[in-house]
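S.K.: Chains as they are written, first to last, in this note's numbering: chain A, 35 to 250; chain B, 56 to 210.
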Amino acid sequence: MQPPRALWVPFPLGRPLGKADDAPFQQSVIQAALNLLHRQTGPVLEDYPHDAPAIDNETPATCPVSFATKTSEPASWKTRLSREIGELAPWYELGRRRRGGRSLVGIADASPQQNIQLLGEQLDNQALPTDFVWLKRAVEDIKAYYFEAMTAQPGDYDRETIHKQFWRDTQFGAAVLSLYRQLQNSDDDRQKMIARILAPREAIGAATGPLKEKKT
Amino acid sequence: MVRLSDLPDYERDHLLSKNMPPLGPPVWTTPTKPLNQMRVALITTAGLHYRDDQAFDFADATFRPLDGGESPDNLIMSHSSVNFDKTGFTEDVNVVFPLTRFHELVNQGTVGSLAKVHYSFMGAGLLPQAYESGASQVAGMLKQDKVDAVFLTPV
Numbered sequence: 035m036q037p038p039r040a041l042w043v044p045f046p047l048g049r050p051l052g053k054a055d056d057a058p059f060q061q062s063v064i065q066a067a068l069n070l071l072h073r074q075t076g077p078v079l080e081d082y083p084h085d086a087p088a089i090d091n092e093t094p095a096t097c098p099v100s101f102a103t104k105t106s107e108p109a110s111w112k113t114r115l116s117r118e119i120g121e122l123a124p125w126y127e128l129g130r131r132r133r134g135g136r137s138l139v140g141i142a143d144a145s146p147q148q149n150i151q152l153l154g155e156q157l158d159n160q161a162l163p164t165d166f167v168w169l170k171r172a173v174e175d176i177k178a179y180y181f182e183a184m185t186a187q188p189g190d191y192d193r194e195t196i197h198k199q200f201w202r203d204t205q206f207g208a209a210v211l212s213l214y215r216q217l218q219n220s221d222d223d224r225q226k227m228i229a230r231i232l233a234p235r236e237a238i239g240a241a242t243g244p245l246k247e248k249k250t
Numbered sequence: 056m057v058r059l060s061d062l063p064d065y066e067r068d069h070l071l072s073k074n075m076p077p078l079g080p081p082v083w084t085t086p087t088k089p090l091n092q093m094r095v096a097l098i099t100t101a102g103l104h105y106r107d108d109q110a111f112d113f114a115d116a117t118f119r120p121l122d123g124g125e126s127p128d129n130l131i132m133s134h135s136s137v138n139f140d141k142t143g144f145t146e147d148v149n150v151v152f153p154l155t156r157f158h159e160l161v162n163q164g165t166v167g168s169l170a171k172v173h174y175s176f177m178g179a180g181l182l183p184q185a186y187e188s189g190a191s192q193v194a195g196m197l198k199q200d201k202v203d204a205v206f207l208t209p210v
């Protein structure tokens, strides 16, 4: 992209307006961008000078459910994943009610509960999914379900902590990383591409050490 | 647009490793009227659409029209990249697609009016040239809608 007027903002990728549910702050970012319209020469690239308002860190974010550690669980993937998403259900429903019924779940045709069971069966049978459209949409839907449940807790939450909890502590995070490794180790270029759009570089780096993979 | 210096090392290295072709000469237009007489459209590259629209594919240069009169709370996201935060959008659509904020600006008299239709692309996995056809189409529709300025929110 080569916009004629651009405002650089110090916010995480995915949050161009800075902070959710903070209308005054969002308006200040918009106003700073709209002020660039009055410039007579360009292209313009200007820094937005304020960080997003800090969250309340006095009480560390608590997971709404206690995720069992990966090594102490002898049960099958299907059993562990089904139990985990079941424990999250009341928090997902609470979060959805709190957001006035809004949820990002629904990209896949089947429900997250059905899809997580199917994924668990495939992992148990060591069978790599072959329908990649289904796989991507199922994973994104289940991730949305987890994040909506995990952020339904009262109070503010820290984005990084929630992401770390998801990828480090949940059975589903471990399942996606397992799928990532299997697809990434394949000789098939399409499987490698699918691997890269399942798990973020940050989580792969934390699970495997310094990143060597540089492709999108 | 996020500053490169604010990104984690692995993300900055990833972006700097891309050897992208140079873009054409900068486009520049000086407004001929004040903001409170302008008609503004929103365009996002966040891969947003309504639940019954076709989801974006893994690499996809198409776009989805977003109705300016419909609640943005009905939007969902099918962006294929996993390397940006989606929890902000989960909490509040406006953090990515600030339609409610712009309605407030119109009501305050700061902005003249909003477009009837806004647009969503999915910015991932393709070179800029792939978007040329869709972008030209959108430009034509923005002209038909008498839009004077576009507010672009990349993720």
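C-beta: ideal position from N, C-alpha, C; glycine also.
1. Please determine, among E182(A), P108(A) and F59(A), the residue with the shortest C-alpha to C-alpha distance to G135(A).
2. Just list the residues that DSSP pairs T208(B) with in beta bridges.
3. Decide if H197(A) is buried, meaning its Cβ has at least 16 other Cβ atoms within 10 Å, or exposed.
4. Roughly how many whole angstroms lie between the Cα atoms of M251(A) and Q218(A)?
5. Closest Cβ-Cβ distance between I131(B) and chain A: below 8 Å?
6. As a quick exercise: from D81(A), K170(A) and N159(A), pick the residue whose alpha carbon is nearest that of P146(A).
7. Less than 8 Å between the beta carbons of A209(A) and L115(A), yes or no?
8. Would V172(B) count as contacting chain A if we go by Cβ distances under 8 Å?
9. Could you check whether the Cβ of K226(A) sits closer than 8 Å to any Cβ belonging to chain B?
10. Measuring only between beta-carbons, confirm whether L103(B) sits less than 8 Å from chain A.
11. Kindly indicate which residue of F144(B), N138(B), V202(B) and Q199(B) has the alpha-carbon position closest to the one of Y65(B).
12. Which whole runs of the alpha helix (DSSP H) in the region 167-230 of chain A are 4 residues long or more, in chain order?
13. Skipping 5 residues on each side, what residues in its chain have a beta carbon closer than 7 Å to that of L160(B)?
14. Please compile the residues from chain B whose C-beta is within a distance smaller than 8 Å of the C-beta of G76(A).
15. Quick one: which residues of the region 132-145 of chain B get their C-beta closer than 8 Å to a C-beta of chain A? List them in chain order.
16. By Cβ distance, which residues of its chain are closer than 8 Å to E247(A), with the 5 residues on each side in sequence left out?
17. Is it right to say A161(A) is buried, meaning 16 or more other beta carbons lie within 10 angstroms of its own, or is it exposed?
18. Establish whether the CB of P76(B) and some CB of chain A are separated by less than 8 Å.
19. Under the rule that 16 or more other beta-carbon atoms within 10 Å means buried, what is W201(A), buried or exposed?
20. Is it buried or exposed for V148(B), if we count other Cβ within 10 angstroms and need 16 for buried?
21. Between the beta-carbon of R134(B) and the beta-carbon of F111(B), is there less than 8 Å?
22. Using DSSP's beta-bridge definition, name the partner residues of K105(B).
23. Please classify P244(A) as buried or exposed, where buried requires at least 16 other C-beta atoms within 10 Å of its C-beta.
24. Since R119(B) sits in a beta bridge, which residues does DSSP pair it with?
25. Any contact between the region 169-186 of chain B and the region 114-121 of chain B? By contact I mean 3 or more CB pairs, one from each, below 8 Å.
26. Report yes if the C-beta distance between G140(A) and T185(A) is below 8 Å; otherwise report no.
27. Measuring CB to CB, does P50(A) end up less than 8 Å from V151(B)?
28. Strictly below 7 Å CB to CB, what residues from chain B border L162(A)?
29. Taking the alpha carbon of P77(A) as the reference point, which residue from P81(B), F113(B) and S188(B) has its own alpha carbon closest?
30. Contact between the region 73-90 of chain B and the region 191-201 of chain B: three or more CB pairs below 8 Å?
31. Assuming the contact rule is C-beta atoms closer than 8 Å, P83(A) and D56(A) should be a hit. Round their C-beta distance to whole Å, please.
32. Would you give the residue range spanned by the beta strand (DSSP E) that R39(A) belongs to?
33. Can you check DSSP and say which residues form a bridge with L169(B)?
34. Can you give me the Cβ contacts of Y180(A) inside the same chain, cut-off strictly under 7 Å, excluding the 5 residues immediately before and after it?
35. If you measure from the beta carbon of P120(B) to each beta carbon in chain A, is any gap under 8 Å?
36. Quick one: does the C-beta of I141(A) sit closer than 7 Å to a heavy atom of the ligand NAP?
M.R.: Reading off the structure:
1. As a first step, residue 135(A) must be located in the first sequence, where it is residue number 101. Taking only the C-alpha atoms, the option nearest G135(A) is E182(A).
2. Counted from its first residue, the second sequence places residue 208(B) at position 153. Beta-bridge pairing links T208(B) to T99(B).
3. For this step, residue 197(A) is matched to residue 163 along the first sequence. H197(A) should be labelled buried.
4. The displayed coordinates of chain A run from 35 to 250. Any statement about residue 251(A) would go beyond what the structure contains.
5. For the purposes of this step, residue 131(B) is identified with residue 76 of the second sequence, where counting begins at 1. Yes, I131(B) counts as interfacial toward chain A.
6. Along the first sequence, one-based indexing puts residue 146(A) at 112. The shortest C-alpha to C-alpha distance from P146(A) to any of D81(A), K170(A) and N159(A) is the one to K170(A).
7. Numbered from its first residue, the first sequence carries residue 209(A) at position 175. Numbered from its first residue, the first sequence carries residue 115(A) at position 81. In contact: A209(A) and L115(A) (Cβ atoms closer than 8 Å).
8. As a first step, residue 172(B) is located in the second sequence; it is residue number 117 there, counting from the start. Residue contact check for V172(B) against chain A: no CB pair falls below 8 Å.
9. Within the first sequence, residue 226(A) is the residue found at index 192, counting from 1. By this cut-off, K226(A) is not an interface position.
10. Counting from one through the second sequence, the residue named residue 103(B) turns up at place 48. So, not an interface residue.
11. As a first step, residue 65(B) is located in the second sequence; it is residue number 10 there, counting from the start. Taking only the C-alpha atoms, the option nearest Y65(B) is N138(B).
12. 193-203, 205-218 and 223-230
13. Walking along the second sequence from the start, residue 160(B) turns up at place 105. V166, listed in sequence order.
14. The count along the first sequence starts at 1 and reaches residue 76(A) at position 42. Counting only Cβ-Cβ distances below 8 Å, G76(A) has contacts in chain B at P81 and W83, in chain order.
15. M132, S133, S135, S136, V137, N138, F139, D140, K141, T142, G143, F144 and T145
16. For the purposes of this step, residue 247(A) is identified with residue 213 of the first sequence, where counting begins at 1. Per-residue confidence for E247(A) stands at a pLDDT of 40, beneath the threshold of 50, marking its modelled position as unreliable; no derived number is given.
17. Sequence index remark: in the first sequence, residue 161(A) carries index 127 (1-based). With fewer than 16 Cβ atoms within 10 Å of its Cβ, A161(A) is classed as exposed.
18. Locating residue 76(B) in the second sequence gives position 21, counting from the first residue. For P76(B), the answer is no, since every Cβ of chain A falls outside 8 Å of its Cβ.
19. Working through the first sequence from its first residue, we reach residue 201(A) at position 167. By the Cβ-count criterion, W201(A) is buried, with 16 or more other Cβ atoms from all chains shown falling within 10 Å of its own Cβ.
20. Translated into the one-based positions of the second sequence, residue 148(B) becomes position 93. By the 10 Å Cβ count, V148(B) comes out buried.
21. One-based indexing of the second sequence puts residue 134(B) at position 79. One-based indexing of the second sequence puts residue 111(B) at position 56. Here residue 134(B) turns out to be His, not Arg, going by the sequence shown. It is a contact, given that the beta carbons lie within the stated cut-off.
22. Along the second sequence, read from residue 1 onward, the residue named residue 105(B) stands at position 50. According to the sequence displayed, residue 105(B) carries Tyr and not Lys. Its beta-bridge partners are L130(B).
23. Mapped onto the first sequence, residue 244(A) falls at position 210. Only weak support exists for where P244(A) lies, its pLDDT of 47 falling under 50; the coordinates are left without a value.
24. Position 64 of the second sequence, counting from 1, holds the residue named residue 119(B). According to DSSP, R119(B) bridges with S175(B).
25. The answer is yes - the region 114-121 of chain B touches the region 169-186 of chain B, with three or more Cβ pairs under 8 Å.
26. As a working mapping, residue 140(A) is identified with position 106 in the first sequence. As a working mapping, residue 185(A) is identified with position 151 in the first sequence. Taking 8 Å as the Cβ cut-off, G140(A) and T185(A) do not qualify as a contacting pair.
27. Here residue 50(A) refers to the residue found at position 16 of the first sequence. Here residue 151(B) refers to the residue found at position 96 of the second sequence. Between P50(A) and V151(B), the C-beta spacing is below 8 Å.
28. Locating residue 162(A) in the first sequence gives position 128, counting from the first residue. Under the 7 Å cutoff, chain B gives no residues; its nearest Cβ is about 17 Å from L162(A).
29. Taking the first residue of the first sequence as position 1, residue 77(A) is located at position 43. Answer by Cα proximity: P81(B).
30. no
31. Sequence index remark: in the first sequence, residue 83(A) carries index 49 (1-based). Sequence index remark: in the first sequence, residue 56(A) carries index 22 (1-based). Contact doesn't hold; Cβ gap of about 17 Å is too wide.
32. Translated into positions along the first sequence, residue 39(A) becomes position 5. R39(A) -> beta strand (DSSP E) spans R39 to W42.
33. Working through the second sequence from its first residue, we reach residue 169(B) at position 114. DSSP, once it has assigned bridges, lists V95(B) as partnering L169(B).
34. Within the first sequence, residue 180(A) is the residue found at index 146, counting from 1. Counting only Cβ-Cβ distances below 7 Å, and skipping sequence neighbours, we find L122, F200, T204 and F206.
35. Locating residue 120(B) in the second sequence gives position 65, counting from the first residue. By this cut-off, P120(B) is not an interface position.
36. Absence of the ligand NAP is noted for the structure shown, with no ligands found whatsoever.
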